[in-house]
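Peer 1: In terms of the working numbering, the sequence shown opens at residue 272 and continues consecutively. Quick one: structure below, then a few questions.
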Amino acid sequence: MPPAADISPSTSSFDPASATIAIVTYNRSALLSKLLESLIVMDPKPGHVVVVDNASTDDTTALVESYRDKLGIELVYRRLDTNTGGSGGFSEGMRIAYELGSEWIWVMDDDVEVIADGLARMGDWAPRFRSIQGRRYDYDGSEFYWQYRLSIPFGIPIPFAPAGFDSSNYREMNSGCFEGMFIHRDIVQQIGLPDPRFFIYWDDSIYGWLASLKTTAVIVNEFVLRRTREIRQWDMGIRHLNASSNAYRYYIMRNRGFMKHYFKSQGAYRPVRFALGTLLTFAKELIRLVLVERTVRGTSNLFRGLRDARRIDHDALWRPMPALESVVPTDQTPHTRRSPT
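As structure tokens, this is what we get:
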């Protein structure tokens, strides 16, 4: 349990300029433009915006450059040589934000937009907590439910953790979501950067869990983001099951090999229950295929993921991401005006 001091009000106030928004994008310039437009009308604005481009082949570079003078915020654009997935993109985005000296890093995908006073709403909680998740509206304007609690022994989200809030307006969480995670640099320094080896899936869950081991992590009753992309869903009544892809099916199973290593490194691995969690995850993906996508094609990707998870599990040289050394920001001009590569 984190020390009580973690949830005690601080006398220090939140400075919006101390925050950096880190965005990861890949071949979705139309969606990215909506997010950048929302940043123009933000009040207050962060000190920096970092856009990490996973080697897009569309007009993302030109689009980002067209916003450089519109945003009214220092813009860092980093185009990667290859597609490193969301995991690699968020790892790079956090690295840049950290090296800029940012006190707070707010990470998000390109398929959301920021509600105008979103940063102020998150900043209201900054004196009390150091790992914070805001809430999000779905594409249709409904309230999106995010599974903020993990069952660590099983390695799966708890699907029916209470959605409501009491008068405190926050709930403790032991997970994370890179679509809106708001995290303090001190926690990033202690747990290191997100692990790019995940590529996609489970990366933010593990990162949020690691953060919760260092501080009281919370989801707060503040709507700060709105999804701008419609996703096919199966309505389960009180919950929804989204459509997926063959890549997601593969990585959701493969990356359980990485999860197992992380749990072992913290003494949290429980073999029988974790194996059952893997079976439940496999079953959930089969249900998603049949009921949401109306097919059984794609099952082979689940089996490939399981096979590669076993290989990762047996890798004796595997190590978690290391903690970061304290970085003192230097002249920021080369970063804030970096040319596309």
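Don't be surprised by glycine CBs; every beta carbon is placed ideally from N, CA and C. As the structure is a prediction and not an experimental result, all values here were calculated from the model.
So L464 packs on L346, CB below 8 Å; how close in whole Å?
Peer 2: About 21 Å; that fails the 8 Å criterion.
Peer 1: Take the Cβ of K316 as the centre, count every other Cβ of all protein chains shown within 10 Å, and call the residue buried at 16 or more, exposed below.
Peer 2: Classification for K316: buried.
Peer 1: Can you list, in chain order, the residues of its chain with a C-beta nearer than 7 Å to that of D330? Leave out the 5 residues immediately preceding and following it.
Peer 2: Excluding residues within five positions, the ones whose Cβ falls inside 7 Å are S300.
Peer 1: For L346, name the three-state secondary structure that DSSP assigns.
Peer 2: Strand at L346.
Peer 1: Look at I376 and T291 and say whether their C-beta atoms are less than 7 Å apart.
Peer 2: Against a cut-off of 7 Å, the Cβ pair of T291 and I376 comes out as a contact.
Peer 1: Excluding the 5 residues flanking L481 on each side, which residues of the same chain have their C-beta closer than 7 Å to its C-beta?
Peer 2: Hits under 7 Å: I462.
Peer 1: In chain order, what residues of the same chain have a beta carbon less than 6 Å from the beta carbon of T532, not counting five sequence neighbours either side?
Peer 2: First, the residue type needs correcting, since residue 532 is His and not Thr in the sequence shown. If we look at H532 and ignore the five residues flanking it on each side, its Cβ neighbours are W589.
Peer 1: Does the stretch 534 to 544 come close enough to the stretch 362 to 375 that 3 or more CB-CB pairs lie under 8 Å?
Peer 2: The stretch 362 to 375 is not in contact with the stretch 534 to 544.
Peer 1: In the DSSP assignment, find the alpha helix (DSSP H) that holds R559 and state where it starts and stops.
Peer 2: R559 -> alpha helix (DSSP H) spans 542 to 562.
Peer 1: May I have the straight-line CA-CA distance separating A288 from H319, to the nearest angstrom?
Peer 2: Approximately 8 Å between the Cα atoms of the pair.
Peer 1: Applying the criterion that 16 or more other CB atoms from any shown protein chain within 10 Å of the CB defines a buried residue, is I490 buried or exposed?
Peer 2: Classification of I490: buried, given that the 10 Å Cβ count is 16 or more.
Peer 1: Which of helix, strand or coil does DSSP assign to S362?
Peer 2: In this structure, S362 counts as helix in the three-state DSSP scheme.
Peer 1: Can you give the Cα-Cα distance for R399 and M452, rounded to whole angstroms?
Peer 2: The straight-line gap from Cα to Cα measures roughly 16 Å.
Peer 1: Touch check for the stretch 439 to 450 and the stretch 469 to 477: three-plus C-beta pairs under 8 Å?
Peer 2: Because the criterion of three Cβ pairs below 8 Å is met, the stretch 439 to 450 and the stretch 469 to 477 touch.
Peer 1: Under a three-way DSSP split, which group does A288 fall into?
Peer 2: In the structure shown, A288 sits in a helix (DSSP, three-state: H, G or I).
Peer 1: I'd like the list of long-range same chain contacts for D277, defined as Cβ closer than 6 Å, with 5 residues on each side in sequence excluded.
Peer 2: Because the pLDDT of D277 is 48, which lies under 50, any placement of that residue in the model is unreliable, and the question is left without a value.
Peer 1: Pull the bridge partners of W375 from the DSSP assignment, please.
Peer 2: Answer by DSSP bridge pairing, in chain order: A290, H455.
Peer 1: Taking just the CA atoms, how far does I429 sit from I509?
Peer 2: The pLDDT assigned to I509 is 49, lower than 50, so where the model puts this residue is not dependable; a value taken from the coordinates is nonetheless given after this. Between I509 and I429, the C-alpha separation is close to 14 Å.
Peer 1: Taking only three categories from DSSP, how would you classify N517?
Peer 2: Reduced to three states, the DSSP call for N517 is helix.
Peer 1: Suppose contacts are defined by Cβ-Cβ distances below 7 Å. Is A397 in contact with F285 by that definition?
Peer 2: Taking 7 Å as the Cβ cut-off, A397 and F285 qualify as a contacting pair.
Peer 1: What do you reckon, are the CB atoms on T296 and D324 nearer than 7 Å?
Peer 2: The answer is yes: Cβ separation under 7 Å.
Peer 1: What three-state label does DSSP hand A488 in the structure shown?
Peer 2: A488: strand per DSSP, three-state reduction.
Peer 1: Compute the Euclidean distance between the alpha carbons of E363 and S439, then round it to the nearest angstrom.
Peer 2: In a straight line, the C-alpha of E363 is about 34 Å away from that of S439.
Peer 1: Under three-state DSSP, which class holds T332?
Peer 2: The answer is helix: DSSP assigns T332 an H, G or I state.
Peer 1: Who are the near neighbours of E374 in its chain, counting only those whose CB is closer than 8 Å to its CB and skipping five residues on each side?
Peer 2: Excluding residues within five positions, the ones whose Cβ falls inside 8 Å are D286, S289, A290, H455, R456.
Peer 1: Short of 6 Å in beta carbon distance, which residues of its chain neighbour G576, apart from the five on each side in sequence? Order them along the chain.
Peer 2: Cβ within range, chain order: Y521, M524, R525.
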